[in-house]
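Residue numbers (the numbering used here), protein chains in the order written: chain A, 1 to 333; chain B, 1001 to 1298.
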């Protein structure tokens, strides 16, 4: 298990001029690219073509794009049928509706059939903001990771979403990728590695870094985890960060290393604490290496309208909250 | 349309009754499962697998095969029995239905048994899959002569997803999609028209831009003609409402919704005691009450 220095990430990461882009944008661009490389790739959407960014593919390959109308349940099974005929379907909607509404169709017709349908759940998390709780999918990871055969990805930025999309087009597993609506900092660079099932770990100083707290994050909230770790290190608390972009299959070797090398772990995700990424981490560690893990997430509650920043703060997921919670656990002020 | 001679009809009807006997035997061996739907659809499945479908039992993944998607997965005993009689796997294996380790799962699993086009059981999803298959085929081969058959139960049309799929099939004018509705009039809780009325069903399908036909689902020639006409339709998908008798072939079980989800030996006892149910059914199917073919059956 090798760590990288956080300086390998976007050098402008903590500067006010850091580039921001929603990770759905990277998905859209990459899907268009895979469409030009592989004729088997087809796309389906349930009346959200523009906002899920599947529009890039639609405009480039209109004959391979299928508009389903507002019918997510049928979309899942149509995609399954296409995959049975040799296609690699990417189906997009908001996470609240897909996999929110069509869970059983995904389970039976995609996962049980074990066909390579790629489910794109856009506008996941509370960060979708003003639309309110009805549109804030914070249960989708739990819904998907409990289904056998299903791969679950939560990329941290637009570049990682693009790499994940390119990879998904080459894999045979049914897969779910959750994306966010809001523009968030571009954390990674074109050179940052991405592989399904491989976590990336980051240090904030050189090898002399004292590893006290390990923060594990999935999705665009990774930036908040990195910001928190930077502050903690500035305050003399050795903090490292793991980008767990693949929630399933879990990179158990990396998680075990991380647990062995830190006194305490903190998981951060824009999801219910029950059943999400943090749950996956503790399910694994509880048997192989019982470890103190603080799971930050939404604690059995619905979201509400607000800005992304307001909601992350309200639910204790922003950098300042992560710093505070970490210090509280460590008993330092 | 493939021509059916009189001797073809007799051979198919005889085969259908052999398949019905297999259904009874496998349900008895399983001790659970559905009786009414499988018996009622035996004629149509026999016609499809022994006369209509382009398929190869020895090469079940042959890419040029027609696709038959079973949407109402609970009637899989008729699919399994027909496939076994058609040579996909040994007839003896039918006795493993619903048993631990069997390829013949209580509801079909595509991965386990080559020749199944999908896994099904939860109702309402098969039509969407057949539509997806037909769309994918059109993309690869606009002049394809493959047909995509989707078998559905009538109770299944309670499911909203069926109507989502109809909208899409009509929009996409999938002329190689042929939907067959097993209009046997029953579902678990009672008669379909009591539970959730579908009528006027013909008009509903027509309003969704489907070519609609209604046939006697036990008349080989009528069903064959309807499929032939459906194959000839261009510019819209087809649906055939096949009127069938639940538990057809076993008089004491026929038309009784209580046979929907029970195997012989566990069915209603007012007409025949449980310990005699399998024996009565098999005797009737094997003798056809003295008639030679099903079409002479009163």
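Each residue gets a CB set at the ideal place from its N, CA and C atoms; glycine is no exception.
Among the options, which residue has its Cα nearest to the Cα of residue i?
i                       : options                           : result
residue 1119 of chain B : A:77, A:193 and A:96              : A:77
residue 1043 of chain B : B:1023, B:1058 and B:1054         : B:1023
residue 274 of chain A  : A:82, A:301 and A:254             : A:301
residue 250 of chain A  : A:145, A:270, A:228 and A:229     : A:145
residue 1196 of chain B : B:1257, B:1274, B:1149 and B:1155 : B:1155
residue 247 of chain A  : A:329, A:40 and A:154             : A:154
residue 292 of chain A  : A:299, A:304, A:262 and A:97      : A:262
residue 1179 of chain B : B:1219, B:1097, B:1149 and B:1004 : B:1149
residue 1240 of chain B : B:1261, B:1187 and B:1177         : B:1177
residue 1212 of chain B : B:1218, B:1228, B:1221 and B:1071 : B:1228
residue 94 of chain A   : A:56, A:324, A:140 and A:191      : A:140
residue 35 of chain A   : A:320, A:148 and A:165            : A:165
residue 1146 of chain B : B:1222, B:1122, B:1070 and B:1174 : B:1174
residue 1251 of chain B : B:1035, B:1030, B:1080 and B:1190 : B:1035
residue 186 of chain A  : A:220, A:216 and A:244            : A:220
residue 243 of chain A  : A:88, A:192 and A:234             : A:192
residue 1134 of chain B : B:1122, B:1121 and B:1117         : B:1117
residue 1202 of chain B : B:1219, B:1189, B:1157 and B:1285 : B:1157
residue 289 of chain A  : A:306, A:319, A:267 and A:255     : A:255
residue 304 of chain A  : A:83, A:42, A:138 and A:114       : A:138
residue 123 of chain A  : A:51, A:113, A:64 and A:266       : A:51
residue 102 of chain A  : A:64, A:267, A:121 and A:307      : A:121
residue 182 of chain A  : A:67, A:318 and A:309             : A:309
Under 6 Å Cβ to Cβ from residue i, same chain only, skipping five residues before and after it: list those, please.
i                       : result
residue 1131 of chain B : 1165, 1168 and 1169
residue 1084 of chain B : 1091 and 1094
residue 1208 of chain B : 1166 and 1170
residue 175 of chain A  : 118, 151 and 168
residue 172 of chain A  : 116
residue 1205 of chain B : 1212 and 1239
residue 1226 of chain B : 1213, 1215 and 1240
residue 334 of chain A  : Only positions 1 to 333 of chain A appear in the structure, and residue 334 of chain A is not among them; the question remains open.
residue 136 of chain A  : 126, 128 and 303
residue 1079 of chain B : 1070
residue 1001 of chain B : 1228
Enumerate in chain order the residues of its own chain whose CB-to-CB distance from residue i is below 8 Å, with the five nearest sequence positions on each side excluded.
i                       : result
residue 12 of chain A   : 18 and 19
residue 142 of chain A  : 271, 272, 274, 275, 276 and 279
residue 1161 of chain B : 1124, 1125, 1127 and 1128
residue 1152 of chain B : 1071, 1072, 1126, 1127, 1162, 1179, 1180, 1181 and 1182
residue 10 of chain A   : 18, 19, 185, 186, 187, 188 and 189
residue 60 of chain A   : 32, 35 and 36
On the criterion of 16 or more Cβ atoms from any shown chain inside 10 Å, does residue i qualify as buried, or is it exposed?
i                       : result
residue 1143 of chain B : exposed
residue 1058 of chain B : exposed
residue 1041 of chain B : buried
residue 158 of chain A  : buried
residue 1015 of chain B : buried
residue 1099 of chain B : exposed
residue 312 of chain A  : buried
residue 37 of chain A   : exposed
residue 1021 of chain B : buried
residue 1061 of chain B : exposed
residue 70 of chain A   : exposed
residue 253 of chain A  : exposed
residue 1188 of chain B : exposed
residue 1032 of chain B : exposed
Our contact map puts residue i next to residue j with C-beta atoms below 8 Å; I'd like the distance itself, whole angstroms only.
i                       : j                       : result
residue 109 of chain A  : residue 1231 of chain B : Rounded, the Cβ-Cβ distance is 26 Å, inconsistent with contact.
residue 1233 of chain B : residue 1222 of chain B : No, residue 1233 of chain B and residue 1222 of chain B are not in contact; Cβ-Cβ is about 17 Å, not under 8 Å.
residue 98 of chain A   : residue 46 of chain A   : 7 Å
residue 5 of chain A    : residue 203 of chain A  : 6 Å
residue 245 of chain A  : residue 156 of chain A  : 6 Å
Might you give, ordered along the chain, the residues of its own chain that have their beta carbon closer than 7 Å to the beta carbon of residue i, omitting 5 neighbours on each side?
i                       : result
residue 1271 of chain B : 1252
residue 53 of chain A   : 24, 25, 27 and 28
residue 1298 of chain B : Per-residue confidence for residue 1298 of chain B stands at a pLDDT of 44, beneath the threshold of 50, marking its modelled position as unreliable; no derived number is given.
residue 1301 of chain B : Because chain B is modelled from 1001 through 1298, residue 1301 of chain B falls outside the range shown and cannot be assessed.
For the region 41-65 of chain A, which residues have a beta carbon sitting closer than 9 Å to at least one beta carbon of chain B?
-> Listed by position along the chain: 42, 44, 63 and 64.
If you measure beta-carbon to beta-carbon, which residues of the region 1117-1150 of chain B are closer than 9 Å to chain A?
-> For the region 1117-1150 of chain B, the set of residues with a beta-carbon nearer than 9 Å to any beta-carbon of chain A comprises 1117, 1118, 1119, 1120, 1121, 1122, 1124, 1125, 1126, 1127, 1128, 1129, 1130, 1131, 1132, 1133, 1134, 1135, 1136, 1137, 1139, 1140 and 1148, in chain order.
Against chain A: residues of the region 1100-1118 of chain B by CB proximity under 8 Å = 1109, 1110, 1111, 1117 and 1118
Interface positions of the region 103-127 of chain A facing chain B (Cβ-Cβ less than 8 Å), listed along the chain = 104, 105, 108, 109, 112, 113 and 114
Check each residue of the region 1154-1170 of chain B: if its Cβ is closer than 8 Å to any Cβ of chain A, include it; give the result in chain order.
-> 1160, 1161, 1164, 1165, 1167 and 1168
Check distances from the C-beta atoms of the region 83-99 of chain A to those of chain B and list, in chain order, the residues that come in under 9 Å.
-> Shown in chain order are the members of the region 83-99 of chain A whose Cβ falls below 9 Å from a Cβ of chain B: 83, 84, 85, 86, 87 and 89.
Pull out every residue of the region 227-243 of chain A whose Cβ sits closer than 7 Å to any Cβ of chain B, in chain order.
-> none
In the region 127-147 of chain A, which residues sit with their C-beta less than 8 Å from some C-beta in chain B, listed in chain order?
-> none
Pull out every residue of the region 150-166 of chain A whose Cβ sits closer than 7 Å to any Cβ of chain B, in chain order.
-> none
Interfacial residues, the region 67-84 of chain A to chain B, with Cβ spacing under 7 Å = Within the region 67-84 of chain A, contact with chain B at the beta-carbon level (separation under 7 Å) is assigned to 68, 69, 71, 73, 74, 77, 78, 79, 80, 81, 82 and 84.
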